[in-house]
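Asker: For what it's worth, our numbering labels the leading residue of the sequence shown as 18, then goes sequentially. Glycine residues also receive a C-beta, built at the ideal position from the N, C-alpha and C atoms. Dropping the structure in here first, questions after.
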Amino acid sequence: AVGREHSREAGLVSSLALLHPSVPQSEPGFIAWGRSPLSRLALVACAMIIPLEHVLLTVQILIGVRLIFSLKAWLQRLEAEAEARLGHTDVSAKLSDRADARSIASVDGSVSALGNDDPSLVSLPGPPHEWRTRPVMLRVAAGERVGEQVEFNHPGSPFEVETALFKGKMFFRLRGCAHEPKDYFFGKQRRLSAVVQGQFKQPLVMGECYTGYEFQKPFNNVPAPWLIRAGLHFIRTLAPTLIEDILGERPYFLNPLCQTIQVMHVCRPGQEPNVTEVLQERNQLLGGVFAGKKMDRIKRKNYFALKENGEKHKFDPELVYTMEFYEDKFDPAYFDLMLIGLRFNLNRYLGAQPLQIMGKHGSIPHGGDYLFNVEMWHESLLGPWEPERGPSFACL
């Protein structure tokens with residue numbers, strides 16, 4: 018019994034020493050916490066009264082909290098060092114890009130869309146005070162309405178899209194921005210929703226259609242390559258179909274379209290749902306294993322995570338597809354990526370480049386034909402921006 022008590026007490030001291038480095042670990046057991054009989058008796062009493070499992074769970078929680086704060090301090094130190102090295106390089110580059118973009122601006126003040134004429138061109142929109150919405154602006158980047166700014170959130174904001182392969186409409190919901198649809202976001206963690214509805218103009222193999230992000234310039238302030246590789250190794254365990262190059266001159270992230278779509282509704286013309294209402298999964302018309310039985314969205318996503326399954330199905334031009342993408346780790350109102358309780362403003366890394374909500378035919382990065390493509394810009398991408406901490410941002 019004495020040996021068991023000593024073992025439990027030594028384990029407790031070692032665990033607490035992780036949280037309090039000042040506690041010496043070179044001396045075993047009772048010696049580390051004092052030599053008096055009273056302190057020894059108190060420690061043994063605690064070990065006997067409190068179950069060891071509860072003690073270890075509490076210590077693990079405290080260690081986790083400490084690791085989170087240590088990680089946050091480490092990332093802040095990395096950012097400070099990067100700022101000290103780069104100085105005003107980023108600001109100068111942004112001003113240079115803005116001047117080059119304005120030199121090719123069209124008559125209405127907007128710049129030709131990203132990759133429309135020259136795929137290496139990183140084009141900027143007009144100054145934020147000319148945007149239709151602030152601090153977030155959406156701009157069509159493919160098809161007949163390329164370069165046009167579009168709105169979001171309110172019921173009248175769905176807009177038409179048409180490319181060589183797809184024709185339909187899109188509707189965006191952005192949490193924290195003006196006209197926020199609070200009924201939709203109530204009780205949900207998500208902060209962005211993009212709904213795409215329409216028909217394909219020709220049959221397309223589902224496994225050949227992708228979505229993701231494509232950037233025209235390398236990222237700024239990237240962490241050490243070994244840290245990125247470790248993070249990507251973890252991400253690939255969650256998304257094994259991911260195609261990426263984060264350290265290249267033109268970074269990209271691509272994933273199969275049907276595996277990424279959060280909610281998919283397939284129906285015949287005339288039966289399509291309202292894009293401004295909550296969408297329900299309905300995939301029986303995908304055929305094959307989906308025909309004749311109800312399969313929820315999780316099973317559908319897992320099914321299309323295998324490339325060979327995507328090769329078995331095609332998008333049918335005779336059907337209407339309604340697809341919803343949503344995200345809970347990206348805050349569009351502040352342009353922040355949110356991970357493990359921390360926020361990272363993306364303007365530090367993207368270097369005056371927008372995010373995309375897009376679908377494309379083909380897995381070749383920066384190649385293939387777009388089904389739809391909408392850029393998401395934020396004022397912070399173009400220069401200093403002070404967020405307004407009110408309930409919502411202004412929409413001009």
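1. Identify every residue that forms a DSSP beta bridge with Gly-215.
2. Can you round the beta-carbon distance between Gly-294 and Met-281 to whole angstroms, since I take them to be within the 8 Å contact cut?
3. Return yes when the Cβ of Gly-358 is within less than 8 Å of the Cβ of His-330, no when it is not.
4. Return helix, strand or coil for Val-157, following the three-state DSSP convention.
5. Assign Ser-210 to one of three DSSP states: helix, strand, or coil.
6. Tell me whether the beta-carbon of Leu-388 lies closer than 8 Å to the beta-carbon of Thr-180.
7. Distance check for Pro-142 and Glu-400, CA to CA, integer angstroms please.
8. Name the one or two DSSP bridge partners that Leu-244 has.
9. Hey, out of Phe-183, Leu-191 and Glu-161, whose CA is closest to Met-393's CA?
10. How many angstroms separate the CA atom of Leu-398 from the CA atom of Met-154?
11. When we look at the beta-carbon of Glu-161 and count the other beta-carbons within 10 Å, is it buried (16 or more) or exposed?
12. Using the C-alpha atoms, what's the distance from Ile-78 back to Ile-381?
13. Assuming Arg-317 is part of the alpha helix (DSSP H), what are its boundary residues?
14. For the putative contact between Gly-376 and Leu-274, defined by C-beta atoms under 8 Å, what is the C-beta separation to the nearest angstrom?
15. Can you say whether Asp-262 is buried or exposed, counting buried as having 16 or more other CB atoms within 10 angstroms of its CB?
16. If you follow the beta strand (DSSP E) that Thr-5 is in, where does it begin and where does it stop?
17. Taking the alpha carbon of Leu-259 as the point to measure from, which residue in Gly-229, Tyr-351 and Gln-288 has its own alpha carbon closest?
Answerer: Taking the geometry as given:
1. Gly-215 pairs with Gly-185 and Tyr-338.
2. Residue identity differs from the one stated: residue 294 is Glu in this sequence, not Gly. Actually they are not in contact, since the Cβ atoms of Glu-294 and Met-281 sit about 15 Å apart, beyond 8 Å.
3. no
4. strand
5. Ser-210 carries a strand assignment under DSSP once its states are collapsed to helix, strand and coil.
6. Less than 8 Å divides the Cβ of Leu-388 from the Cβ of Thr-180.
7. Going by the sequence as given, residue 400 is Gly instead of Glu. Approximately 13 Å, taken between the alpha carbons.
8. Paired residues: none, contrary to the question.
9. Leu-191
10. 11 Å
11. The residue in question, Glu-161, is exposed, as its Cβ has fewer than 16 Cβ neighbours within 10 Å.
12. 44 Å
13. Arg-317 -> alpha helix (DSSP H) spans 314–321.
14. 5 Å
15. exposed
16. Beyond the ends of the chain as shown, which are 18 and 413, falls residue 5; an answer cannot be given.
17. Nearest option by C-alpha distance: Gly-229.
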